[in-house]
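In numbering that gives the first Met the number 0, the protein residues as written are 0 to 416. Glycine included, C-beta positions come from ideal geometry on N, C-alpha and C.
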Amino acid sequence: MNQPSSAQPDVAVIGAGVIGLSIALALQARGLSVTVLDREGPAAGASAGNAGAFAFTDILPLASPGILKKAPRWLLDPLGPLSVPPRYAARITPWMLRFWRACQPDRVEAATAAQTALMDLSKAELEPFLQATGTLGMLRKEGNLQVYESRAELDTSQPGWDARARHGIEFRHLTAAEMAAIQPGLSPRFTHGTFTPGWFSIADPKTYVLALAERFRAGGGAIERASVSALKLESAGVAIETEGGSRRAGHVVVAAGAFSHRIAQTLGERIPLETERGYNTTLPAGAFDLRTQVTFGGHGFVVTRLTSGVRVGGAVELGGLSLPPNFKRSEAMLAKAKAFLPGLKTEGGKQWMGFRPSLPDSLPAIGPARASAQVTYAFGHGHLGLTQSAGTARLVADLVSGRPSAIDPTPFSPQRF
Numbered sequence: 000m001n002q003p004s005s006a007q008p009d010v011a012v013i014g015a016g017v018i019g020l021s022i023a024l025a026l027q028a029r030g031l032s033v034t035v036l037d038r039e040g041p042a043a044g045a046s047a048g049n050a051g052a053f054a055f056t057d058i059l060p061l062a063s064p065g066i067l068k069k070a071p072r073w074l075l076d077p078l079g080p081l082s083v084p085p086r087y088a089a090r091i092t093p094w095m096l097r098f099w100r101a102c103q104p105d106r107v108e109a110a111t112a113a114q115t116a117l118m119d120l121s122k123a124e125l126e127p128f129l130q131a132t133g134t135l136g137m138l139r140k141e142g143n144l145q146v147y148e149s150r151a152e153l154d155t156s157q158p159g160w161d162a163r164a165r166h167g168i169e170f171r172h173l174t175a176a177e178m179a180a181i182q183p184g185l186s187p188r189f190t191h192g193t194f195t196p197g198w199f200s201i202a203d204p205k206t207y208v209l210a211l212a213e214r215f216r217a218g219g220g221a222i223e224r225a226s227v228s229a230l231k232l233e234s235a236g237v238a239i240e241t242e243g244g245s246r247r248a249g250h251v252v253v254a255a256g257a258f259s260h261r262i263a264q265t266l267g268e269r270i271p272l273e274t275e276r277g278y279n280t281t282l283p284a285g286a287f288d289l290r291t292q293v294t295f296g297g298h299g300f301v302v303t304r305l306t307s308g309v310r311v312g313g314a315v316e317l318g319g320l321s322l323p324p325n326f327k328r329s330e331a332m333l334a335k336a337k338a339f340l341p342g343l344k345t346e347g348g349k350q351w352m353g354f355r356p357s358l359p360d361s362l363p364a365i366g367p368a369r370a371s372a373q374v375t376y377a378f379g380h381g382h383l384g385l386t387q388s389a390g391t392a393r394l395v396a397d398l399v400s401g402r403p404s405a406i407d408p409t410p411f412s413p414q415r416f
């Protein structure tokens, strides 16, 4: 880890996950001096344990009428796709009310259009970004297979596919035999499926983010381990308060994931960020002959092939930052995966829990702080941090350098709530 520098950088980026480091590299490419601050170091949070997908076809917000229909049934199962620990229920009620309002059809339509614009930008920016950072060899284009247990379940999902079709996203519905040609070994309980070839993935998300960190350092950037407690505005920049003292930068980008709202609050800004606690188990390489990412949407999890093994994970536990992990959720997903992929070898797995930063309308907060344009926010991407990392980096680099925005930034305003 780099030692603290006495020189004041043009920009300090708070957060060394995939969003923060992508932004740091984009700013560095614009000729700015950049320092990254992180409480634990590169790839220590959700960027290490995600499913590794660039889910550009995932344009539909989590907040939708469909989720309102499923949520009551899911919430009755404490180990199901969506849960709220009882001791956290009162605290999350205001966020849930905002989420409910975001499920109204007009808001869903607007959020889908905004999400599509950010997805299109992120996809356009991805391969040039990977090329520039020497990581293009990590990209995989293996698609995603969404599986269903009946024709009725497929029919229920059809409005979502119709929305994707309107936005030009390629997919095709499959029979059981057609699914088996793409991914052998599925349980016969899955009778229908949908394949989206435009779903990309990375060989391993942690390895990728660490590679970004090394590229950033090689370009002269500094990464310092520091827990940021507050920001204070000054005439010549921004003071960053940490446990090791105060440091300064001309501009600050807050990209600290699930901890970002705490930093924003020190500037008097209240942004309704909540934490989706995600769980997974990574099995040894060779645990299953996985040829594409498989999504078990009705059960809220995916199975992904990485260089580090086969990862079984997903689901949503709205439980904040302080409660201890409930790894029974990982065990429940792994048991289902074994039933759904009978040949899966479940021995030797490593469990993980991470914090996904989520806003009620499923869109990230990207834009200047209310208090000062010297502070830019870039957080709240939920399940889509890796997917939207290159597009977010482009937007933030445009904002900081004063260039016209690549897309309309209004839907992502941190002050929209």
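- Item | K205, buried or exposed, once every other Cβ within 10 Å from all chains shown has been counted against 16 | Within a 10 Å sphere around the beta-carbon of K205 sit 16 or more other beta-carbons, which makes this residue buried.
- Task: Go through the stretch 136-163 residue by residue and report every complete run of the beta strand (DSSP E) that reaches 3 residues or more, in order.
- Result: For the stretch 136-163, the continuous beta strand (DSSP E) assignments of 3+ residues that do not extend past its boundaries occur at 143-147, in sequence order.
- contact_flag[the stretch 335-344, the stretch 234-254] where n(CB pairs < 8 Å) is 3 or more: no
- Message: Measuring straight from C-alpha to C-alpha, what distance separates A217 and Y207?
- Response: 15 Å
- Task: Check the C-beta distance from L129 over to L135 and give it rounded, since I have them as a contact under 8 Å.
- Result: 4 Å
- Task: Could you check the C-alpha separation between H260 and R276 for me, to the nearest Å?
- Result: 16 Å
- Among the residues of its own chain, which have a CB less than 6 Å from the CB of H380, if the five just before and after it don't count? Correct list, in chain order: P363, Q387.
- Task: Assign Q373 to one of two classes, buried (16 or more other C-beta atoms within 10 Å of its C-beta) or exposed (fewer than that).
- Result: Within a 10 Å sphere around the beta-carbon of Q373 sit 16 or more other beta-carbons, which makes this residue buried.
- Query: CA-CA distance, I406 and L117?
  - Reply: 8 Å
- Provide the residue span of the beta strand (DSSP E) that contains P283, from first to last. Counted as a single uninterrupted DSSP element, the stretch harbouring P283 is not any beta strand (DSSP E), since DSSP gives it neither H nor E.
- Item | Q114 to A162 span [Cα, whole Å] | 12 Å
- Label G16 either buried or exposed according to how many other C-beta atoms from any shown protein chain fall within 10 Å of its C-beta, with 16 as the threshold for buried. buried
- Quick one: using the 10 Å Cβ neighbour count with 16 as the cut-off for buried, is S329 buried or exposed? buried
- Would you say Q292 and A47 are within 8 Å of each other, going by their C-beta atoms? Going by C-beta atoms, Q292 is not nearer than 8 Å to A47.
- Out of P41, L358, A370, state which residue places its alpha-carbon closest to the alpha-carbon of A110. L358
- Message: When you compare the CB positions of A25 and G220, do they come within less than 8 Å of one another, or not?
- Response: no
- Message: Given a cut-off of 8 Å on the beta-carbon distance, is the pair V253 and A377 in contact?
- Response: yes
- Query: Looking at A50 and T303, is the spacing between their C-beta atoms short of 8 Å?
  - Reply: yes
- Do you know how far the Cα of A45 is from the Cα of L96? 25 Å
- Query: What's the gap between the Cα of T265 and the Cα of M332?
  - Reply: Distance between the alpha carbons of T265 and M332 is about 38 Å.
- Cβ pair F354, L398 closer than 8 Å: no
- Considering only residues of the stretch 296-370, which uninterrupted alpha helix (DSSP H) runs meet the minimum length of 4 residues and lie entirely inside it, listed in chain order? 327-339, all fully within the stretch 296-370.
- Query: Does the distance from the CB of P356 to the CB of A257 come in under 8 Å?
  - Reply: yes
- Query: Going by other Cβ atoms of all chains shown within 10 Å of its Cβ, with 16 needed for buried, is L421 buried or exposed?
  - Reply: Residue 421 is absent from the model: the chain starts at 0 and stops at 416.
- Message: Buried or exposed for L322, going by 16 or more other Cβ atoms inside 10 Å?
- Response: exposed
- Residues sharing a beta bridge with Y376, DSSP: V253, G366
- Pairwise C-alpha distance: R29 and G249: 15 Å
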